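Below is one structure, written out as C-alpha cells, with a few remarks after it.
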Amino acid sequence: MEQYGAWDLFRRGHLDQERHLKILRDIIRKNMTDLVSHGKIITGDNVVIPVTHLKQYKFVYEDPGGAGTIMLDKKMEKGDTIGKKPQKSKGQSSSGDSSESEEGFYEVVVNADQIAEILFQDLELPELKEKQKAIGYKEEVVREGTKKRGSISNLAKKKTIIQNIKRNAAKGDPGFKNIIDDDLRFDTNVLKRVPHDRVAVIFIRDRSGSMDATKKHLSRVMAFWIIKFLESKYKKVTERSYIIFDTKAEEVDQEAFITRSEGGGTRISSGFQLADEIIAAKFPPESYNLYTFLFTDGDNNFNDNLQAREMVEKMAAVNNLAGIVHIRAQGAYSYYSDLRFINSIKELNKPNVIVAELTNQEDVMACMNAFFGRTKK
Amino acid sequence: MNRKLILEHIKELGLDPFPVDFYIVPAEVLYDMAARVIPGRYSHWSHGKSFYDGILRHDHRFSRIYELVINSDPCQAYLLDVNSDIINSMVVAHVYGHADFFKNNIAYKDSERNMHINAALRAKRIRNYEEEHGEEKVRKVLDAALTIEFYVNKDGYDATIKEAPAERPYDELLDLNKKFVKEQVDYAEQMRYSGLPCDDILLFLATEAPLEEWKRDILSIVRQDSIYFSPNIKTNIINEGWASFIHSKIMKKIDLSGGDFIEYAQVNAGVVQAVEYSINPYWLGVQIFKNIERNYGLKKALEVRRLESNAGFLRNYLNEELIDELGLIRYGTKGDFYIVEETEWKKVRDGLVNDICSRFPSVHVADKNFDQQGILLLRHEHDGRNLKKFDAIKVLNHLEELWRNKVFLETLYNGKKKIWAADGSEKEVK
Chain L
31 MEQYGAWDLF
41 RRGHLDQERH
51 LKILRDIIRK
61 NMTDLVSHGK
71 IITGDNVVIP
81 VTHLKQYKFV
91 YEDPGGAGTI
101 MLDKKMEKGD
111 TIGKKPQKSK
121 GQSSSGDSSE
131 SEEGFYEVVV
141 NADQIAEILF
151 QDLELPELKE
161 KQKAIGYKEE
171 VVREGTKKRG
181 SISNLAKKKT
191 IIQNIKRNAA
201 KGDPGFKNII
211 DDDLRFDTNV
221 LKRVPHDRVA
231 VIFIRDRSGS
241 MDATKKHLSR
251 VMAFWIIKFL
261 ESKYKKVTER
271 SYIIFDTKAE
281 EVDQEAFITR
291 SEGGGTRISS
301 GFQLADEIIA
311 AKFPPESYNL
321 YTFLFTDGDN
331 NFNDNLQARE
341 MVEKMAAVNN
351 LAGIVHIRAQ
361 GAYSYYSDLR
371 FINSIKELNK
381 PNVIVAELTN
391 QEDVMACMNA
401 FFGRTKK
Chain C
-17 MNRKLILEHI
-7 KELGLDPFPV
3 DFYIVPAEVL
13 YDMAARVIPG
23 RYSHWSHGKS
33 FYDGILRHDH
43 RFSRIYELVI
53 NSDPCQAYLL
63 DVNSDIINSM
73 VVAHVYGHAD
83 FFKNNIAYKD
93 SERNMHINAA
103 LRAKRIRNYE
113 EEHGEEKVRK
123 VLDAALTIEF
133 YVNKDGYDAT
143 IKEAPAERPY
153 DELLDLNKKF
163 VKEQVDYAEQ
173 MRYSGLPCDD
183 ILLFLATEAP
193 LEEWKRDILS
203 IVRQDSIYFS
213 PNIKTNIINE
223 GWASFIHSKI
233 MKKIDLSGGD
243 FIEYAQVNAG
253 VVQAVEYSIN
263 PYWLGVQIFK
273 NIERNYGLKK
283 ALEVRRLESN
293 AGFLRNYLNE
303 ELIDELGLIR
313 YGTKGDFYIV
323 EETEWKKVRD
333 GLVNDICSRF
343 PSVHVADKNF
353 DQQGILLLRH
363 EHDGRNLKKF
373 DAIKVLNHLE
383 ELWRNKVFLE
393 TLYNGKKKIW
403 AADGSEKEVK
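Respectively, the protein sequence lines represent chains L and C. According to the numbering used here, the first sequence is numbered sequentially starting from 31. According to the numbering used here, the second sequence is numbered sequentially starting from -17.
Below, the structure is given as C-alpha cells:
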C-alpha cells in the first residue's frame, strides 16, 4: 500500500532551518559589540542573548495569570487550594536553540565558538610573505587528476559530461547523450604530504603597578579573542607563550599572565628581548607563523624608548604581525599618559606593526579590526 | 496489518472517507511536513524553526508524531517509517477517521481539495519572487503578512480567487510559468474588498496598500493558506476526538495478541491521555464522542461529526454528567497558589468554550484615512480580555512596512479607550 520514495534526499526542513539560523546570525552580528565584551564569554561559558525579532508576533491576549479549565482526580469545593504555583524557570537549552521567556523575548544560547565564527568572517590574516617554509608536513589523502578506470563512487561527473559532449561534438552531433565507457572519468586519490601551518603566539604584558585590575582584565579579553581568531584561521594555534615584565621579563603560565602585578618601572625592551630569545630557542621563524602582541598602557622608562623601538623593528622582521595593544583605561594613572613610546612605534610605518587602542570592552572589536580587518590599510 | 480490513470496518461503522494515499516517510520528512503544515508549502524561516524544535523533541522522545493527514481529495497521509505494524493499524484507522471528517464535516465544505498541488504552485511563485527581488525582501513581506494571517474571511468577498481546476491530475505541473502569469492577472483584477469596517485585514491590505504586484500576490498566498486552514482551527478538537474515537473502535474489532495489545494501549494512552492539572483536548474530544454514543447511539455521533465545530461540539455535548464524571473545574490563582474557582458545570463549560474557541482577539480595519492623514486605524473589539501591548506594537510595526504610513490600533485597556501607535506611544481617547 505504502509508497516509498527517495525521502532521504528530502532536505527542505534543513534548508528552512538554515534560513532561521541565518537570521539568528544576523541578529547576533548586530549585537556583536555587546557580546564581545560580555564577561561570561571569555570564561568559555554560553551566553544567553535576548532576541526580539525572531518571534512571530500576533495580536494576543495578556496572560490571564494562571486561570483555565482542568480536570481533578478528586472532588474539591469552590475555594479549595489545588497546589502551589510552580516557579518559572529560565529556558536553558542546547546551543543555537531558543526558548521563550516571560518578557516575550526569545532567548538564544550561543557559545564563544559560534560568536567567533560570525565575528571573524570579516577578518583575515595579514598577508603572508615568503613564509611558506614555515610549515610542517603531514600525510593526507587528496584528489589529484582523473583517470579512465576507477570505482564508480569516484566518478567525476562534470568531467565525464564534458568528455561526452566533446566526443559528440567531434562527431558533428553536439549534445550530452550516448555515454560510453570511454567517456567516463574517475577521480584519483593519492596519499600526499601536505603542508600544515605551525603557529606560535607570544603575549607580552606590562606588569608594573600602573597596570590596574581593569587594564589586566582588558588584556585578558583581548588575548582571548586573538587566540580564538587565530584558531579559527589556523585550525589550531600550536604554541603559546606568555611573558610579563617590569624592568626584567619572565616567561609565565597563562594564569600568572592574567593575574600577576607587581614591581615598578617599565622597560618594554625587556619583554621583547625575552620574546626574541624564546623565538630563537623554540619557534624558529623559518618554521613558524609568529604573532607577538604587547599589552601596555604606554608608560615606558624614557631611556628605554629607543631600545624598545629597535626591538619592535626586530619583531617586525620575524613576525607575521607585531601588535601593540595600547590600553588607555580610566584608572589611577590615567591623569598622566606618556605617549612617546607609542608615537615612536606609529612612526615606524611598517605594515605588520600595528598599534590599536583599547579604552574599554566595547573597543575589543575595533582592536580586532585594526589588527586583522580587511580594510586596515 | 491489513488496510483493506480496516477500511471494511470503517465503512461498516457508517463512515464515508475520502480515498487515502499513504506514504511512509522518515521522521525528518514528517516533521518538515508538520512544520509547514502542507507539504510543498513555501520556504520560510518559521517553518525551519518549528521543524527543528519538532525534531529535537522527537529525538529526545518528549513527543512524537505518528502521522499527518492532509485535507485533500484523495487525502495524503504520511506515516512514520519506524511505526510498528500494530501502531500502523491504529494510525491507519485514525487517518481514515480524519479522511471521513474532512469529507463530511460542513466546515470543510468549500475546502481547496487540491491544496497539496496548489501549495506547491504558490511555493514556486514565491521562489520566483525570491530570485527576482531577493530572499530578504520576500521574507519581510511574508513576516508582515503572517502577523495577521488569521484575519481573513472567506465570505468577506465572495469572488475569492479560485485557481483554475486542473484538467488532468498534475497537468498544471507541466507549464508552471504560463499558469503563473495567468494567475497574477487574476489576482490583480480580483483583489477587491467590499468596504469598511473590514475584518479581512489581509484582503484589505492587498487591495488598498501601496504595494507592488508581487507583494500583493504574497499577501494573497498567505490569505489563501489561512482560508484553507481556518476549518482546521475551528474543528481541531472535534476532528481529533473523532479520529481517536474511531481508531479505538476499530482496534477493538481487530484481534490483537497480548503483546500487541499492550503496545497499542501504551501508544493510545500517550495520544489520548488525561493530563492532571491540564486538559488534553483530544482526550476530551474522545470522551464527548463516547458519551454521545452511550446516550444517543452511533448514528447521532455521525451526525455530530457532520454538523459541529469545536464551539457547538463543546457547548451542546459537554454536559453536566460528563463534566462531573471527568472532574472538570475552573481554576484561578490566589497568591502563590492555584485554587478552585468554579465548579458549577455551565460556568466550567462556558469558560472552556471561551478558552478554546476565541483564541484570536477580534480586530478589524476601521478607517483607512484616520485623522485625515492616511493613517490606517485598526480596532480591537474588547471581550473582557486585554491585549498584550508589546506584541500588538510589534504587529503594528510590521504592518507599517506594508501600509507605508502610520498604523494605529484602538483598544480598551483596563476599561480605558486607547490608541496605540507603532512607536510604542499611546493616547487616551473618548
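Backbone N, C-alpha and C fix where the C-beta goes; we use that ideal spot for every residue, glycine too. Here the structure is a predicted model, which is why all the values come from computation and not from measurement.
Spatial neighbours of Ser124/L in its chain, beta-carbon cut-off 6 Å, leaving aside the 5 residues before and after: Unreliable placement is indicated for Ser124/L, whose pLDDT of 33 sits below 50; no coordinate value is reported for it.
Beta carbon of Ile357/L nearer than 7 Å to that of Leu388/L: yes
Span of the alpha helix (DSSP H) around Met345/L: Asn335 to Val348
contact_flag[the stretch 182 to 200 of chain C, the stretch 385 to 402 of chain L] where n(CB pairs < 8 Å) is 3 or more: no
Thr296/L beta carbon less than 7 Å from that of Asn330/L: yes
Contacts of Tyr91/L in chain C (Cβ-Cβ under 8 Å): Pro343, Arg367, Asn368, Leu369 and Lys370
Tyr321/L at chain C interface by Cβ criterion, 7 Å: no
Exposure label - Pro204/L; buried when at least 16 CB within 10 Å: exposed
Beta carbon of Asn87/C nearer than 7 Å to that of Glu94/C: no
Nonlocal neighbours in the same chain, by C-beta distance under 6 Å from Ala191/C, ignoring five residues either side: Leu384 and Trp385
Contact check, Leu378/L vs Asn350/L, beta carbons under 7 Å: no
Short-range partners of chain L found in the stretch 311 to 324 of chain C, where Cβ spacing is below 9 Å: Ile311, Arg312, Tyr313, Gly314, Thr315, Lys316, Gly317, Asp318, Phe319, Tyr320, Ile321, Val322, Glu323 and Glu324
Contact the stretch 311 to 323 of chain C vs the stretch 245 to 255 of chain C: 3+ CB pairs below 8 Å: no
Alpha-carbon to alpha-carbon, Asp93/L and Arg42/L: 35 Å
Which listed residue (Val253/C, Ser226/C and Asn135/C) has its alpha carbon closest to that of Ser208/C: Asn135/C
Given Gly397/C as reference, the closest of Val389/C, Ala374/C, Ser28/C and Glu363/C once Cα atoms are compared: Glu363/C
8 Å contact criterion, which Ile236/C and Ser71/C should meet: CB distance rounded: 6 Å
Secondary structure of Glu149/C, DSSP reduced to three states: Only weak support is given to the placement of Glu149/C: the predicted model assigns it a pLDDT of 48, under 50, and the question is left unresolved by the model.
Cβ-Cβ separation, Glu281/L to Ile273/L (assumed contact under 8 Å), whole Å: 6 Å
Stretch pair the stretch 74 to 93 of chain C + the stretch 49 to 62 of chain C: three plus CB contacts closer than 8 Å: yes
Alpha helix (DSSP H) runs wholly inside the stretch 224 to 267 of chain L, at least 4 long, in chain order: 243 to 264
Residues near Gly314/C in its chain [Cβ-Cβ closer than 7 Å; skip 5 each side]: Ile321 and Glu323
Interface flag, Ser417/C vs chain L, CB-CB below 7 Å: In the structure as shown, chain C begins at -17 and stops at 412. Residue 417/C is therefore absent and cannot be evaluated.
Any chain L beta carbon closer than 7 Å to Thr129/C: yes
Within-7 Å CB hit, Asp56/L to chain C: no
Whole-angstrom distance between Thr99/L and Val330/C, CA atom to CA atom: 7 Å
7 Å Cβ cutoff, Met101/L in contact with chain C: yes
Limits of the alpha helix (DSSP H) - the one that Ile130/C falls within: Element bounds for Ile130/C: n/a, residue is neither H nor E.
Rounded straight-line distance, which links the Cα of Val229/L to that of Thr268/L: 6 Å
Under the three-state DSSP convention, the category Glu392/L falls into: helix
DSSP three-state assignment for Ile20/C, whether helix, strand or coil: coil
Bounding residues of the alpha helix (DSSP H) (the contiguous stretch that carries Arg104/C): Met97 to His115
Neighbour list for Tyr318/L in chain C, Cβ cutoff strictly below 7 Å: Here the premise fails: no neighbours, minimum Cβ distance about 42 Å.
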